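Protein chains in written order, with the numbering used here: chain E, 75 to 327; chain F, -13 to 239.
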């Protein structure tokens, strides 16, 4: 019995060694693409450093990234005091706007939100495969906050981490066209990405607003209807308002 | 074989009748439902949040189940001397350890399956379509639990108190997720002696990153090595099970 036990132990030790060596050679830790020990990849928000590192150590990077993402949405979804004051007289922009949902008005998503880039970078450095965070963050920075360079910076990080994700290139080009004031080229690219299944509703809303401003009401209506039909979201009520407003404009013509 | 099966069934029944087992499974199920509500905070990424938090919760609670049951499994029987009732019968000692281990792991798996089924039901309700990566994540978690279970049994025989075996097991679980950082430390180690020591340490601790599939969802990682990782896990668990048998054989009652 004793000899048999030791022989069995030796057999499993050999099996362990063989599998260990194989895996050492063939297993590539997917998060190695972002080496957080390098200064250019360091986790950008010091305040959350301990929380983020705990997530990494406990092997729950995706959850840490999810928490970081929720914090991004909370940060960006909370109206900035200063911004609220400045937009409260936006009647001239949209006479049908209801003031009870001021932050969902025509300037929805606007403001300063200086930390938005940092918070988005924190999310994608924890999980570099969080494609939605790159797109949502860069689109907010470029179209809502008019910080094109920051939007491009975030997308560049995405391109570096996931070069095969072709949509990043399109978004980047769209932002570049926006920067160059090439409206038609930008719209063409945005039209391409809104057809994608994982396109954030926010990008659709941006394009719908662009159409509306350009007087292309039919196209705008179509996009708002799509947003409305997608169900409960932060845009649900705003989409409903927009649909009735655009319909009124179209009927009055 | 029949005797091992009898001991395993007895252990399974003993664990399932344990109040702690019910509390943990019940608490995990409640938490999965809580994530369902919390997922609203994730905006359009709510499904991802339910998926990530759910998978991690199931694994974490299974870990608690196996650690708490595992460390006291044999130790309690030795202390209360009920172990004599089994050992006076013509049953080899290794039957006893193997049966106890199988029963322990099975009871954790039953709890996990219940939790996974509820998790899946919630995901389907939210419009999730089945992804093969989910299955990989489930199998990986099962493997982790088998490894931790063998370590828990080993430490319960190795140390004299359940508290110390609990700490050792938990510590190894933690280190198992820390392997890529240990690898980094090996590269940075200044002296050859430190390098060798770290290499030995790296070889001994279980690399649980191979079974951290729930963290790799969305990364597009290849599954070529998965089958080998399975054997890695099996051999690691069996090595510690055999070591437990050797320790148990050497124990004097």
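Ideal placement from N, C-alpha and C gives every residue a C-beta, glycine not left out.
Keep in mind the model is a prediction, meaning the values are calculated, not measured.
Using only CA atoms, which one of the options lies nearest to residue i?
i	options	result
residue 308 of chain E	E/276, E/222, E/135, E/319	E/276
residue 219 of chain E	E/240, E/186, E/192	E/186
residue 19 of chain F	F/167, F/165, F/101, F/212	F/101
residue 212 of chain F	F/195, F/204, F/226, F/225	F/195
residue 233 of chain E	E/95, E/291, E/322, E/108	E/108
residue 27 of chain F	E/96, E/134, E/151, E/110	E/151
residue 160 of chain F	F/110, F/81, F/50	F/50
residue 135 of chain E	F/44, F/48, F/38	F/38
residue 324 of chain E	E/286, E/200, E/92, E/189	E/286
residue 212 of chain E	E/245, E/264, E/236	E/245
residue 148 of chain F	F/188, F/77, F/120, F/65	F/65
residue 291 of chain E	E/274, E/302, E/322	E/322
residue 83 of chain F	F/221, F/138, F/97	F/138
residue 92 of chain E	F/226, F/184, F/222, F/237	F/222
If you count every other CB in all the chains shown that lies within 10 Å of the CB of residue i, and 16 or more means buried, which is it?
i	result
residue 6 of chain F	exposed
residue 210 of chain E	buried
residue 198 of chain F	buried
residue 177 of chain F	exposed
residue 22 of chain F	buried
residue 261 of chain E	buried
residue 240 of chain E	exposed
residue 288 of chain E	exposed
residue 88 of chain E	exposed
residue 157 of chain F	exposed
residue 9 of chain F	exposed
residue 118 of chain F	exposed
residue 44 of chain F	buried
residue 174 of chain E	Low confidence applies to residue 174 of chain E: its pLDDT is 39, below 50, so where it sits in the model is not reliable enough to give any reading.
residue 70 of chain F	exposed
residue 106 of chain E	exposed
Would you say residue i lies against chain F (beta-carbon separation less than 8 angstroms)?
i	result
residue 196 of chain E	no
residue 312 of chain E	no
residue 101 of chain E	yes
residue 94 of chain E	yes
residue 82 of chain E	yes
residue 206 of chain E	yes
residue 136 of chain E	yes
residue 97 of chain E	yes
residue 77 of chain E	no
residue 298 of chain E	no
residue 217 of chain E	no
residue 117 of chain E	no
residue 147 of chain E	yes
residue 144 of chain E	yes
Could you list which residues in chain E have their beta carbon closer than 8 angstroms to that of residue i, in chain order?
i	result
residue 160 of chain F	131, 132
residue 198 of chain F	133
residue 117 of chain F	Within chain E, no residue comes near residue 117 of chain F; the closest Cβ sits about 14 angstroms away, beyond 8 angstroms.
Of all the CB atoms in chain E, is at least one closer than 8 angstroms to the CB of residue i?
i	result
residue 210 of chain F	yes
residue 75 of chain F	no
residue 195 of chain F	yes
residue 166 of chain F	yes
residue 243 of chain F	This structure cannot settle anything about residue 243 of chain F, because the visible part of chain F is limited to -13 through 239.
residue 134 of chain F	no
residue 28 of chain F	yes
residue 31 of chain F	yes
residue 42 of chain F	yes
residue 64 of chain F	no
residue 186 of chain F	no
residue 189 of chain F	yes
residue 232 of chain F	yes
Find the residues of chain F that neighbour residue i, judging by a C-beta separation of less than 7 angstroms, and give them in chain order.
i	result
residue 89 of chain E	217, 221
residue 308 of chain E	29
List the residues of chain F that residue i touches, going by C-beta distances under 8 angstroms, in chain order.
i	result
residue 242 of chain E	Correct list: empty, because the minimum Cβ distance to chain F is about 15 angstroms.
residue 111 of chain E	170
residue 140 of chain E	28, 31, 34, 35, 38, 39
residue 275 of chain E	30
Check the Cβ of residue i against every Cβ in chain E and list those closer than 7 angstroms, keeping chain order.
i	result
residue 224 of chain F	86
residue 163 of chain F	131, 132, 133
residue 202 of chain F	104
Under 7 angstroms between beta-carbons, which chain A residues line up against residue i? List them in chain order, please.
i	result
residue 205 of chain F	Of the protein chains in this structure, namely E and F, none is chain A.
Give the residues of chain F in contact with residue i, contact being defined as C-beta atoms less than 9 angstroms apart.
i	result
residue 221 of chain E	Near residue 221 of chain E there are no residues of chain F at all, since even the closest Cβ is about 21 angstroms away, more than 9 angstroms.
Exercise. Examine the Cβ distances between the segment 222 to 236 of chain F and the segment 99 to 109 of chain E and report whether three or more of them are shorter than 8 angstroms.
Key: Not touching, per the Cβ criterion.
Quiz item: Is there contact here, the segment 215 to 227 of chain F with the segment 125 to 135 of chain F, by at least three beta-carbon pairs under 8 angstroms?
Solution: Flag = yes, the segment 215 to 227 of chain F and the segment 125 to 135 of chain F touch.
Practice problem: Indicate whether the contact test is met: 3 or more Cβ pairs, each with one atom in the segment 102 to 113 of chain F and one in the segment 49 to 65 of chain F, closer than 8 angstroms. | Solution: Here the segment 102 to 113 of chain F does not lie against the segment 49 to 65 of chain F, with fewer than 3 beta-carbon pairs under 8 angstroms apart.
Practice problem: Count the CB pairs spanning the segment 196 to 215 of chain E and the segment 138 to 148 of chain E that are closer than 8 angstroms, and state whether there are at least three. | Solution: Contact between the segment 196 to 215 of chain E and the segment 138 to 148 of chain E is present, because at least three Cβ pairs lie under 8 angstroms.
Quiz item: Does the segment 50 to 58 of chain F touch the segment 139 to 151 of chain F, meaning 3 or more C-beta pairs lie closer than 8 angstroms?
Solution: Result yes; three or more Cβ-Cβ pairs closer than 8 angstroms.
Quiz item: Is the segment 310 to 325 of chain E in contact with the segment 286 to 302 of chain E, if contact means three or more CB pairs nearer than 8 angstroms?
Solution: Touching, yes, given that three or more Cβ pairs across the two stretches are closer than 8 angstroms.
Quiz item: Does the count of Cβ pairs from the segment 119 to 136 of chain E and the segment 193 to 202 of chain E closer than 8 angstroms reach three?
Solution: At 8 angstroms Cβ cutoff, the stretches touch.
Quiz item: Is there contact here, the segment 164 to 182 of chain F with the segment 88 to 97 of chain F, by at least three beta-carbon pairs under 8 angstroms?
Solution: Not touching, per the Cβ criterion.
Quiz item: Just checking, does the segment 172 to 187 of chain F make contact with the segment 203 to 212 of chain F on the three C-beta pairs under 8 angstroms criterion?
Solution: The answer is no - the segment 203 to 212 of chain F does not touch the segment 172 to 187 of chain F, with fewer than three Cβ pairs under 8 angstroms.
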